[in-house]
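Report on one structure; see the data block that follows.
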Amino acid sequence: MDDSTAVLVGLIVVVILVATLMFFVIPEPAHRAVIATDRLDLAVLNFKNGSTWDGADETVRARVEGALVNAPGINVFSRSQLDTLLAEQMLSQSGLIDAATAVALGSLTGVSKLITGTVTGVDTRADATSICLSWENGACSQEVPGTRYSVQILSQISVVNTTTGLIERSVNATGSDSITLPAETTFGGFDSLLANAATQIADSITSSLSAAYTRELRYGLYTGYQERREGFIGMDESAHFSASDEEIFLIVHITRAQAGELFDVVWSDSMASFDKQVEDVVSDDDWRLYSLDVSSLSAGRYFVRGALNGTEVFEIPFTVSQ
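First residue of the sequence shown? That's 0 in numbering that gives the first Met the number 0, and the numbers climb one at a time after it.
Given below as structure tokens:
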């Protein structure tokens, strides 16, 4: 097989793989909602540095706090207000707190949980390697000496309940990053690699807490749908329907839930003269399809609401015309 034939075969294989992937990957419904299963107001305390790298604790702490601030369903207590309260009450910000201090902080701040952490290790390396500058016929035709600079951070992050003062969750998280440069290139230092590794830890912790303490749903209202083995694809999302549509469809994808949780759907109108309720039991990564016959509905404004375990998650207003 010559090179041109090999390239053509490779392209065909790629096209087949992409087409297969597009068939099996179900596009998510248009809207997203995240709710907390527990009261999730938290404060991030100073971390402890158990490594020899100066400032690693603050780098990781800042990245974790920033990621949590941007996470849906999680409320983070102001850092400046926290520092002021700790100073006024002469409480430790060393990263080490006992149960009584945790309860006191909960009372002072109103948060339900505290995030504490320790950077247990930072490993930096500079290893000799080679860099390929050009390729020919699938093989490297020109290479030069290089150096691979890498960082790995080890950490342990804990969630402390401010009602009991006890640790209710502990996560070991690792972050790493590297860069390879020609041997004659000046290396700017490990700080940027350290920051990237800390961001990995922050993302891991945020994902872990979100999975434990929040539920996520994707949902949309459509005039039609296609059923696939892994879920439903909504067709023609809209908030305006007519009696001629005959039936409309609510597609819900529950991406984070525990088995046996309750999900309720209520269809109603603005005059409270029409009401249709559906009670359902759902689990993690669950797709649900709910329908409403609109062919005999009066023209007007309607709503469909979804509630998980009794807590309203979303409301979609829509109209029906004749």
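The beta-carbon is built from N, C-alpha and C at its ideal position, and this holds for glycine as well.
- Alanine 127 has its alpha-carbon roughly 44 Å from the corresponding atom of threonine 254.
- In its chain, beyond the 5 residues on either side, Leu84 have a beta carbon closer than 6 Å to the beta carbon of leucine 107.
- In the assembly as shown, tryptophan 134 is an exposed residue. Its beta-carbon has fewer than 16 other beta-carbons within 10 Å.
- Annotation: the continuous beta strand (DSSP E) that includes valine 303 extends over 299–307.
- Secondary structure at isoleucine 200: helix, using DSSP grouped into helix, strand and coil.
- In this structure, the beta-carbon distance from arginine 217 to proline 71 does not fall below 9 Å.
- In the DSSP assignment, arginine 227 falls within the unbroken beta strand (DSSP E) covering 213–227.
- Secondary structure of leucine 132 (DSSP, three-state): strand.
- Distances from the alpha-carbon of valine 143 to those of Gly174, Ala211, Pro181 put Pro181 closest.
- In this structure, the alpha-carbon of threonine 123 lies about 17 Å from that of alanine 172.
- Close CB contacts of threonine 198 within its chain, under the 8 Å cut and outside five residues either way in sequence, are with Arg62, Ala66, Gly174 (chain order).
- Valine 33 is a Cβ neighbour of glutamate 215, given a cutoff of 9 Å.
- Cβ contact annotation for leucine 153 (same chain, cutoff 6 Å, sequence separation greater than five): Thr119, Gly120, Thr173, in chain order.
- Within the DSSP secondary-structure output, proline 144 pairs in a beta bridge with Ser129.
- In this structure, histidine 239 lies near phenylalanine 317, with their beta-carbon atoms less than 9 Å apart.
- For arginine 62, the enclosing alpha helix (DSSP H) begins and ends at 55–68.
- Burial state of leucine 39 is buried, judged by a 10 Å Cβ sphere holding 16 or more other Cβ atoms.
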